[in-house]
Amino acid sequence: MKKTLFLFIPHFVFSSDLLNTNYIKYLSSKYRVIVFSPIFKNNPADLYYQSEDVEYIGLDLEYPNFWLFLTKTLRISLIREFDELRYFKLRKITKINLNWQRKLLRFLGWFFPRKLLTADFFTKLECWLLPNSKRFTEYIKKYNPSLILTCTPGFSPDETEAIILSKKNNLKTVAINSSWDNFTSNSIQFRKTDYLICWNKVMKEEAEKIHNYSPDKVFVSGICRFDHHFEKNNNDNISREEFLLSKNLDPSLKTLLLCTVPPNTYPPQYKVWEEILKLREDKKISTDVNILIRLHPNDLIGRYDKFKNLKNIHIELAGKSKNKTSSSNHKIEMDELDLVNLRLSLKYTDININFRSSLSLEATIYDQPIINIALYNFSNRYDVDWYIPIIQSGGVKLVTTIEELCSAINKYLENPDTDKLGRQKIFDDYIKFSDDLSYKRNADIIDKILL
Numbered sequence: 016m017k018k019t020l021f022l023f024i025p026h027f028v029f030s031s032d033l034l035n036t037n038y039i040k041y042l043s044s045k046y047r048v049i050v051f052s053p054i055f056k057n058n059p060a061d062l063y064y065q066s067e068d069v070e071y072i073g074l075d076l077e078y079p080n081f082w083l084f085l086t087k088t089l090r091i092s093l094i095r096e097f098d099e100l101r102y103f104k105l106r107k108i109t110k111i112n113l114n115w116q117r118k119l120l121r122f123l124g125w126f127f128p129r130k131l132l133t134a135d136f137f138t139k140l141e142c143w144l145l146p147n148s149k150r151f152t153e154y155i156k157k158y159n160p161s162l163i164l165t166c167t168p169g170f171s172p173d174e175t176e177a178i179i180l181s182k183k184n185n186l187k188t189v190a191i192n193s194s195w196d197n198f199t200s201n202s203i204q205f206r207k208t209d210y211l212i213c214w215n216k217v218m219k220e221e222a223e224k225i226h227n228y229s230p231d232k233v234f235v236s237g238i239c240r241f242d243h244h245f246e247k248n249n250n251d252n253i254s255r256e257e258f259l260l261s262k263n264l265d266p267s268l269k270t271l272l273l274c275t276v277p278p279n280t281y282p283p284q285y286k287v288w289e290e291i292l293k294l295r296e297d298k299k300i301s302t303d304v305n306i307l308i309r310l311h312p313n314d315l316i317g318r319y320d321k322f323k324n325l326k327n328i329h330i331e332l333a334g335k336s337k338n339k340t341s342s343s344n345h346k347i348e349m350d351e352l353d354l355v356n357l358r359l360s361l362k363y364t365d366i367n368i369n370f371r372s373s374l375s376l377e378a379t380i381y382d383q384p385i386i387n388i389a390l391y392n393f394s395n396r397y398d399v400d401w402y403i404p405i406i407q408s409g410g411v412k413l414v415t416t417i418e419e420l421c422s423a424i425n426k427y428l429e430n431p432d433t434d435k436l437g438r439q440k441i442f443d444d445y446i447k448f449s450d451d452l453s454y455k456r457n458a459d460i461i462d463k464i465l466l
């Protein structure tokens, strides 16, 4: 009889990664998988992979106010053990999310030893304060899980609740799909799972050095999210001409891919996109170009209405709009067709322009030149732990003025091989695996954990 795993999916970013790819198919060939997610409360579960070894259960947070207080008030205000990380130094300089309550708690926290108010201390406090859940214990009795899988070590409230309740019920946990910046930017929200499966060795080292994981508890699988780029049998038989024509773009022109971010991440981005259009209109770009704008799932499509009827410009969502959950603002999910569209967008465009995005990593798969925008005094936003190595690699151009942006575009249009070695270094350090089998390595690691 197959062992049973509980898999907690907090929002559509992770359903895109794990439920719309080979991951769930392969995992359920080895184990019985019970997938818990608030997604299934408002979106039909029968749209996902179906098997007698997969069961989908819609599950909302049981204690939302508890996590709101612990996460958004206490942890963010009182934990100082990560203050030496560059990201938290930046937060201090820019005063991100410091309302008066957090300022007061931050002040009071200085009267306690820094080594006392740690992420681990708060995890123990949460285990002590959180009531055990009758609902959760009934699921345990019904399914008898051997292991609890979360995507991250508690960076969303749904995963946090699952991890803490698992600890209270003596169940082993493993986080399987944390993103490349999570172990630094989300350090204060770390609820240590018993095991971690990481994208790459960079993250493994962060887990060991920053979060004091034992090396034998941390594994590297590659990036499941990127497997589709390397699939040998993917049916991307659309030519460059067909792809660009499908977007009402001109195949005779080169194409700039503009990748947006949420409005609060980089507020001037809309101004930058307008400046790029003006550079094109004023013929300061060395040749006429198409512009393909790919919206971040949390960007606001209404902000792009003014661009809609312009020649050789196309604006699109990254995936399909879904009904939101009660605990997350994510509303866009990528299915197989969306993954095809992403592959072709990177393959058939000529320059990737973004603000500190993981798309910088994906662009290296296609050796696509990358421009990172930091106009209007945002260059210090790149002085963060996970992105400094990208800048230092020499594989991207960081631009801080319109003139630098125009120059970088023209240089890459003239010679796409510029900074090629730097892009290769980013690929080697952060992606490395190109066999489309990261999902398999990830699931096979669970075999080792359960031995």
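For the working numbering, count along the sequence shown from 1 and bump the result up by 15.
C-beta: ideal position from N, C-alpha, C; glycine also.
Would you list the one or two residues that DSSP bridges to residue i?
i	result
tyrosine 71	Val50
lysine 335	Glu348
valine 233	Leu211
leucine 34	According to DSSP, which records beta bridges pairwise, leucine 34 is partnered with nothing at all.
arginine 309	Cys274, Glu331
leucine 20	Val48, Leu162
valine 355	Answer is none; valine 355 lacks a bridge partner.
lysine 269	Val304
On the three-state DSSP scale, how would you describe residue i?
i	result
alanine 190	strand
histidine 329	strand
cysteine 274	strand
valine 399	coil
asparagine 430	coil
asparagine 367	strand
isoleucine 253	coil
isoleucine 386	strand
glutamate 174	helix
leucine 374	helix
aspartate 450	coil
serine 92	helix
tyrosine 228	coil
asparagine 425	helix
histidine 26	coil
glycine 317	helix
proline 168	coil
tyrosine 445	helix
lysine 56	helix
glycine 409	coil
proline 128	coil
tyrosine 41	helix
serine 148	coil
arginine 206	coil
phenylalanine 97	coil
threonine 379	helix
leucine 420	helix
lysine 118	helix
tyrosine 281	coil
serine 181	helix
tyrosine 154	helix
lysine 299	coil
Considering residue i, what are the terminal residues of the alpha helix (DSSP H) in which it resides?
i	result
tyrosine 262	Reading off the sequence shown, one finds lysine at residue 262, where the question assumed tyrosine. Lysine 262 -> no alpha helix (DSSP H), and no H or E assigned at all.
isoleucine 460	453 to 465
cysteine 239	Cysteine 239 -> no alpha helix (DSSP H), and no H or E assigned at all.
valine 414	No alpha helix (DSSP H) holds valine 414; the beta strand (DSSP E) holding it covers 412 to 414.
isoleucine 108	101 to 109
leucine 62	Careful: leucine 62 lies outside any alpha helix (DSSP H) and carries neither H nor E.
aspartate 135	134 to 144
asparagine 197	197 to 200
lysine 286	284 to 296
tryptophan 82	79 to 84
isoleucine 441	435 to 441
Return the Cβ separation of residue i and residue j in integer angstroms, given the expectation that the two are a contact with Cβ distance under 8 Å.
i	j	result
isoleucine 347	proline 312	4 Å
alanine 333	leucine 310	6 Å
isoleucine 94	alanine 134	6 Å
asparagine 58	asparagine 338	5 Å
lysine 412	isoleucine 386	5 Å
proline 79	proline 172	7 Å
valine 276	phenylalanine 127	Their Cβ separation, rounded to whole angstroms, is 36 Å, which puts valine 276 and phenylalanine 127 out of contact at 8 Å.
threonine 433	lysine 426	6 Å
aspartate 365	leucine 264	That belief does not hold up - the Cβ atoms of aspartate 365 and leucine 264 are roughly 12 Å apart, past 8 Å.
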